């Protein structure tokens, strides 16, 4: 789970190193350390069929816009919005892993 700025850097890293991006989902980190989906944006469907550059652009655009909506809808919260990015193997393996 990464805050927005770090998640966008992760997307850039994946593009630079040709690591497939399959999508993202939102998570909320509460002030007491609990994590969950709660009010977080749902994220994307699987983007495995998109070329890497298109998947990256779609993730950047939707992560930023969904973060703006989340902040507008939760102006008084002490929770922090984070993102989990699902990626594939840079070498084309069929295995995938979640993380940053």
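In our numbering, the protein residues as written are 6 to 105.
Quick reminder that beta carbons are idealized off the backbone N, C-alpha and C, glycines included.
Quantities reported herein were computed from a predicted structural model and do not represent experimental measurements.
Asked                                                                                                                                              : Found
Cα separation between residue 34 and residue 8?                                                                                                    : 10 Å
With a floor of 4 residues, list each alpha helix (DSSP H) that falls wholly inside the segment 11 to 96, ordered by position along the chain.     : 57 to 78
When the Cα of residue 26 is compared with those of 78, 87, 41 and 50, which residue comes out closest?                                            : 50
Going by CA-CA distance only, name the one from 17, 29, 14 and 42 that's closest to residue 53.                                                    : 29
Less than 6 Å between C-beta atoms, sequence neighbours within five positions excluded: which residues of the same chain meet that for residue 99? : Note that residue 99 scores 44 on pLDDT, short of 50, meaning its location in the model is unreliable and no value can be drawn from it.
Report the rounded CA-to-CA distance for residue 12 versus residue 92, giving the unit in angstroms.                                               : 12 Å
Can you look up residue 99 in the DSSP assignment and give me helix, strand or coil?                                                               : Note that residue 99 scores 44 on pLDDT, short of 50, meaning its location in the model is unreliable; the coordinates nonetheless yield the value given after this. Of the three classes helix, strand and coil, the one that applies to residue 99 here is coil, per DSSP.
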